[in-house]
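A.B. asks: Have a look at this one.
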Amino acid sequence: MRASIEIPLWSSVYRSTCGCRRLNDRSGWRDSVCCAYTRSSAAPSFTMHTLTLFVLLTLLGTSSFAQNEIVLHVATDGNDNWSGLSSKAQAGDGPLRTLLAAQRTARQALDQQRRFGGSVKVLIHPGIYEIDAPLIFDQRDSGLPGKPTVYQASEPGTVTISGGKRLLAQGTTGKSEVVFSSNGTNAGFWTGGPQLYVNGRRAILAREPNIGRDWFVGQAVAVPGESPSSLGHEAFIASKPALSFLNGLSASDRERALIHIMQSWSSGRHRIGGAAPEGSLRVTPRSRWPFLFFGTSQRFYVENVTAALDQPGEWVGVGTDVHYLPRPDDDVPLNAVLPYIGHLLIIRGAGPTGPYVENVAFRDLGFAYTQAPTPANGWVDTQAAVDIGAAIQVDFAHNIAILGCRIESTGGYGIWLRDSVRNSTISGCSMRNLGAGGVKIGTPKIAGAAPSTVTGENTVSDNTIMETGGQFPGAVGIWLGQTFDNIVRRNSIRDTTYTGISVGWQWGYSTTTSGRNQIVGNSLLNIGRGRMSDLGGIYTLGPSPGTVIADNLIREVRGYRELGAGAWGIYNDEGSSDILVENNVVIGTDSGAYHLHYGRNIQLKGNVFAQGDGPEVSLTRSDPEKTRLILRGNLLLTGNAQPFSSLVKPPDAYFFNNLIAPLANNQVLDLKSCAEGCERSSAGITLGRSQQQIQFSGVNPDMARRWIEAAANAGAPGAPPAALGAATKNAGVKPSPITAKDRARLSASASADSLTPAEAPQLQVTLDLISTPEGARPAGWRYLPEMPREAMEVVADSTARGQRCLKFSDSPKFEHGFEPYMFVRLNHAKGTSTASFSIRVDESAEFIHEWRDDAAPYRTGPSLRITRKGVEAAGRLIAPVRPGEWLSITVSAAVDGLTGWNIRITDSEGESYSATALPHKAAGWRGLRWLGFISNAVVTSATCLASASVTSDAR
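For the sequence shown, the working numbering begins at 5 and goes up steadily by one.
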């Protein structure tokens with residue numbers, strides 16, 4: 005029976021559920037067997053709260069009372085001197101006003117309740133509860149098994165616990181700015197790049213270029229102080245518009261500026277660094293990878309500077325003011341909220357071995373408005389923004405429940421079950437407008453902790469997670485790191501900037517730190533949205549024995565195609581092993597439905613892989629002794645002549661009873677790799693207006709029913725429908741399009757949803773020997789093998805122009821005959837490109853210079869070979885070679901491949917040789933995407949490059 009207490013201080017009758025009844029004779033309280041309180045004729049000198057606690061704790065001393073539930077009330081019109089035992093104010097008593105007061109009272113009650121099997125519930129009544137520090141729960145807040153301590157909204161959807169302050173509008177300026185007052189802020193606060201929300205939408209921190217456009221990184225350059233072994237991480241060539249804007253910043257803007265640089269799957273928030281070579285930008289901290297390491301279209305922009313405030317929806321903070329440029333569709337009056345804290349709720353026990361926080365539940369509450377400031381020295385992501393905190397953060401806790409809650413407008417993640425969290429549940433929650441991702445479970449490194457204490461056996465179910473990556477675009481919807489026995493079930497994840505669900509987190513075949521995780525029945529829609537690269541709807545990393553990926557619906561996985569790897573529906577990355585992938589429906593991806601980097605004992609069973617732009621099943625690395633990719637009973641509906649990538653074949657892959665259906669009736673299919681394990685099918689797929697309405701034809705009815713049910717039942721019940729962001733092919737009914745209003749909202753919520761052209765301006769590169777220390781390798785080029793360093797290194801050479809050259813030291817010790825070699829990735833798709841270099845070879849050298857496109861397999865355009873016999877190209881001897889003497893060589897070609905290529909050679913005595921209209925090595929060559937210098941000798945030899953540059957007449 006639920007206990008309730010009402011204490012009208014001067015009423016004639018006091019009742020309690022302990023069975024006592026005492027009459028007030030206006031001369032004082034009579035003693036009672038159950039309730040021993042007295043009152044003098046004078047009013048009490050202590051507060052009502054003190055009296056109530058005294059009454060409450062005495063009542064709790066009896067087991068008959070304590071076995072019931074104590075209900076405390078919190079309301080915005082309450083009073084922390086009241087008891088909290090009543091939901092409404094009456095006769096000088098009523099609800100508490102603050103959550104801290106409620107927690108203090110609940111803890112005092114729990115001290116007794118736990119002794120007698122009772123519990124405490126805190127009912128929070130409608131309103132916004134602003135806090136200026138996180139609510140911290142520890143073992144004092146623990147309930148009992150089956151009788152948890154509960155913090156609950158009195159009415160679902162009516163309570164918001166806010167880490168932000170509502171700002172007061174002061175007026176407007178001549179630029180139509182609205183100026184808000186933000187008391188308590190200073191220059192240090194603004195330097196972190198905080199967030200602002202206007203009418204619930206994430207405002208855009210003032211940036212240049214404006215949202216929808218980016219600048220592009222140019223060639224990496226070396227700067228003084230960089231390690232000779234890792235040049236090109238601190239500075240790069242920048243465009244004239246970018247440098248003009250950045251060099252024109254005021255001193256205060258330079259100090260607060262954030263240079264947001266995209267890598268492939270991650271990004272960095274850098275500060276402007278020190279002195280840099282002319283035409284370049286230097287940043288700090290150093291980038292994790294050399295600039296342009298993953299491709300030719302690396303984006304960046306600057307934000308958090310007053311000089312960039314020029315676009316509706318942008319804002320910037322200065323002093324104690326916030327300047328905001330309203331959007332045309334902003335409702336008035338404007339409701340602006342500025343977050344001040346990074347966490348709203350912290351649950352933390354004593355340590356990995358306890359005591360733990362146990363048996364605590366949070367129901368139907370709203371959590372909103374947190375910040376995730378960038379440190380003064382900047383920040384660089386590794387992957388998935390794994391070190392970014394969450395609005396709700398849990399450590400050293402068991403049996404924690406977060407149910408039916410709303411988490412939105414965050415600087416970082418929504419919820420993190422971090423260290424030693426077990427048997428806990430996140431269910432029925434809505435998470436949106438997130439600075440990072442939705443949920444994290446575990447940590448990137450468990451450091452040999454005992455299995456019984458490691459985070460695991462948790463459930464994340466029936467949640468809706470959407471609009472992620474507002475500040476950290478590399479974050480994921482749900483992340484599981486180095487954790488076992490978790491269930492991720494029936495979640496709806498949509499409109500992300502990177503991967504939907506990420507599981508595992510151990511590179512390669514090393515120690516198993518993750519396994520037996522169930523990723524079942526989730527819907528993942530509009531994943532990636534063209535923002536990042538190298539992603540998956542569901543992504544795994546490392547051995548994961550017993551993990552199951554089943555009954556998931558994955559539609560529209562789209563990455564940024566010009567930097568890094570692709571975007572797949574299900575992506576088993578490095579070392580993923582011992583995983584069952586069964587009965588998933590994957591439709592519409594950039595790179596194909598399934599990708600295995602390398603791994604072993606992976607079963608693909610009964611899946612639908614459809615409408616990928618690339619091969620539906622891909623394998624990156626062949627490893628016949630370890631790889632075991634089993635494909636059984638899958639249906640592939642493909643528009644590609646090759647539904648499998650070249651390595652998906654025995655002995656790495658084995659096929660049984662798979663159906664391959666072309667999307668076009670007359671389409672050619674290459675099924676040689678799977679032989680009798682595949683059968684051409686006339687199966688078809690029809691997509692309805694809802695993302696979950698899918699029909700199949702031409703397949704076994706039982707199979708069709710299984711896939712239809714998987715799609716229909718995937719995701720959280722009642723999740724809002726998603727407008728699919730890309731057109732789907734061969735649909736019976738076209739899906740509902742994204743409206744202009746939806747696109748604007750999603751763009752604003754993601755902070756920088758890119759509408760950038762697919763490629764950067766065509767790169768111009770040089771071989772910088774002057775800034776490179778001797779013994780190092782010039783920045784901006786790739787060198788293989790990476791070791792030994794002396795295979796390619798800058799050396800002093802008095803005969804070379806500039807007194808230095810890059811020496812290639814070849815020998816029989818290299819694994820491949822084409823090593824050592826260096827190359828640069830380029831993006832020359834139009835105009836005429838020119839490569840110029842000075843070279844010296846010895847008697848034993850064989851040196852190759854080639855231009856390649858990005859076809860698979862690649863095709864070679866201009867190609868020349870240099871030996872002591874001479875310079876040879878297109879089967880002709882173009883010029884003689886005198887070993888030990890310098891040659892200057894210029895190669896040029898129109899990169900459309902429609903005409904031949906030209907070469908001009910000048911020797912050390914000034915003699916010139918040339919040839920024109922030479923045929924390309926491959927007739928179909930189109931575009932300069934790779935340019936290399938290859939030492940192809942299989943004997944000891946030395947070659948030196950004294951200069952090299954690549955230019956294009958197209959910009």
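All C-beta atoms, glycine included, are put in the ideal place defined by N, C-alpha and C. Values in this document were obtained by computation on a predicted structure and should not be read as measured data.
Just checking, does the segment 511-521 make contact with the segment 568-582 on the three C-beta pairs under 8 Å criterion?
C.D. replies: Short answer: they touch.
A.B. asks: Looking at the unbroken beta strand (DSSP E) that takes in I248, where does it start and where does it end?
C.D. replies: In the sequence on display, residue 248 carries Ser and not Ile. Unbroken run through S248 is the alpha helix (DSSP H), 244-251; no beta strand (DSSP E).
A.B. asks: Looking at Y598 and the ligand MG, is the gap between the Cβ and the nearest heavy atom below 8 Å?
C.D. replies: No copy of the ligand MG occurs in the structure displayed, which carries no ligand at all.
A.B. asks: Measure the Cβ-Cβ separation of P2 and A365 and say whether it is below 9 Å.
C.D. replies: Outside the modelled stretch of the chain, which goes from 5 to 959, sits residue 2, for which no answer is possible.
A.B. asks: Please go through the same chain and pick out, in chain order, the residues whose beta-carbon is closer than 6 Å to the beta-carbon of V943, but skip the five residues on each side of it.
C.D. replies: Around V943: S848.
A.B. asks: Quick check on the DSSP output: what are the complete alpha helix (DSSP H) runs of length 4 or more inside the segment 171-237, in order along the chain?
C.D. replies: As far as the segment 171-237 is concerned, its whole alpha helix (DSSP H) runs of at least 4 residues are 191-195.
A.B. asks: What separation, rounded to the nearest whole angstrom, lies between the Cα atoms of A571 and Q696?
C.D. replies: Taking the straight line from one Cα to the other gives about 21 Å.
A.B. asks: Measuring only the C-alpha atoms, how far is N214 from V390?
C.D. replies: Their backbone Cα atoms lie some 28 Å apart in a straight line.
A.B. asks: Do W890 and A946 count as a contact pair if the criterion is CB distance below 9 Å?
C.D. replies: Contact flag unset, no.
A.B. asks: By DSSP, does E259 sit in helix, in strand, or in coil?
C.D. replies: Reduced to three states, the DSSP call for E259 is helix.
A.B. asks: Do you know how far the Cα of C409 is from the Cα of V75?
C.D. replies: For V75 and C409, the distance between alpha carbons rounds to 20 Å.
A.B. asks: Could you name the residues of the same chain whose beta carbon sits closer than 6 Å to that of Y155, not counting the 5 residues immediately before and after it, in chain order?
C.D. replies: Around Y155: V126, F366.
A.B. asks: Might you give, ordered along the chain, the residues of its own chain that have their beta carbon closer than 6 Å to the beta carbon of P741, omitting 5 neighbours on each side?
C.D. replies: Confidence at P741 is low in this model, with a pLDDT of 33, below 50, so the placement of that residue should be treated as unreliable; the coordinate-derived value is given next. Within the same chain, P741 has no close Cβ partners at all.
A.B. asks: Smallest Cα separation from T788: which of D772, R808, E823?
C.D. replies: Residue identity differs from the one stated: residue 788 is Leu in this sequence, not Thr. Taking only the C-alpha atoms, the option nearest L788 is E823.
A.B. asks: Among the residues of its own chain, which have a CB less than 6 Å from the CB of A2, if the five just before and after it don't count?
C.D. replies: Residue 2 falls outside the range modelled here, since the chain spans only 5 to 959, and no answer is possible.
A.B. asks: Would you mind stating whether L438 and G473 have Cβ atoms separated by less than 9 Å?
C.D. replies: The answer is yes: Cβ separation under 9 Å.
A.B. asks: Quick one: residues in its chain with C-beta nearer than 7 Å to the C-beta of A800, no 5 flanking neighbours on either side, listed in chain order?
C.D. replies: Answer for A800: E778, Q807, R808, listed in chain order.
A.B. asks: Please list, in chain order, all residues of the same chain as F841 whose beta carbon is under 7 Å from its beta carbon, the five residues on each side excluded.
C.D. replies: For F841, where only same-chain residues beyond five positions count, the Cβ hits under 7 Å are I893, L949, S951, A952.
A.B. asks: Where P455 and L369 are concerned, what is the direct C-alpha to C-alpha distance, given to the nearest angstrom?
C.D. replies: Whole-angstrom Cα-Cα distance: 32 Å.
A.B. asks: Which of the three DSSP states is assigned to A877 in this structure?
C.D. replies: A877: strand per DSSP, three-state reduction.
A.B. asks: Counting only the same chain and skipping the five closest in sequence on each side, list residues whose C-beta sits under 7 Å from that of A657.
C.D. replies: The residues are L623, L633, L635.
A.B. asks: Whose C-beta lies closer than 6 Å to the C-beta of H599 among residues of the same chain, with five residues either side of it excluded?
C.D. replies: The answer, listed in chain order, is W572, Y575, S622.
A.B. asks: When we look at the beta-carbon of E212 and count the other beta-carbons within 10 Å, is it buried (16 or more) or exposed?
C.D. replies: Answer is buried; the Cβ neighbour count reaches 16.
A.B. asks: Assuming R786 and F818 are in contact, meaning their beta carbons sit under 8 Å apart, how far apart are those beta carbons, in whole angstroms?
C.D. replies: That belief does not hold up - the Cβ atoms of R786 and F818 are roughly 16 Å apart, past 8 Å.
A.B. asks: Tell me the DSSP bridge mates of M791?
C.D. replies: None; M791 has no bridge partner.
A.B. asks: Could you give the first and the last residue of the continuous alpha helix (DSSP H) run that contains M536?
C.D. replies: Neither: M536 is in no alpha helix (DSSP H) and is coded neither H nor E.
A.B. asks: State the CB to CB distance for the pair V769 and Q315, rounded to an integer number of angstroms; the pair is presumed to be in contact (CB under 8 Å).
C.D. replies: So it is not a contact: roughly 33 Å between Cβ atoms.
A.B. asks: Pull up the distance between the alpha-carbon of K733 and that of L567, whole angstroms please.
C.D. replies: Interpretation of K733 is limited by its pLDDT of 34, a score under 50 that renders its predicted location unreliable; the figure taken from the coordinates is listed afterwards. Roughly 25 Å separates the two Cα atoms.
A.B. asks: What are the boundary residues of the alpha helix (DSSP H) that includes A105?
C.D. replies: Counting along the chain, the alpha helix (DSSP H) containing A105 begins and ends at 103-120.
A.B. asks: Taking the straight line between their C-alpha atoms, what separation do you get for L881 and G874?
C.D. replies: Rounded to whole angstroms, L881 to G874 spans 7 Å at the Cα level.
A.B. asks: Classify Y543 as buried or exposed, calling it buried when 16 or more other Cβ atoms lie within 10 Å of its own Cβ.
C.D. replies: Y543 should be labelled buried.
A.B. asks: Nearest-angstrom Cα distance between R684 and T631?
C.D. replies: R684 and T631: Cα-Cα distance of roughly 26 Å.
A.B. asks: In terms of residue numbering, what span does the alpha helix (DSSP H) encompassing I712 cover?
C.D. replies: That run of the alpha helix (DSSP H) goes 705-717.
A.B. asks: Give me the Cα-Cα distance between I208 and I712, rounded to the nearest whole angstrom.
C.D. replies: Near 41 Å, if we compare the C-alpha coordinates of I712 and I208.
A.B. asks: Measure the C-alpha to C-alpha separation of L342 and E412 and round it to an integer number of angstroms.
C.D. replies: About 14 Å.
A.B. asks: Go ahead and label G272 buried or exposed: buried means 16 or more other beta carbons lie within 10 angstroms of its beta carbon, across all protein chains shown.
C.D. replies: Buried, because 16 or more other Cβ atoms sit within 10 Å of the Cβ of G272.
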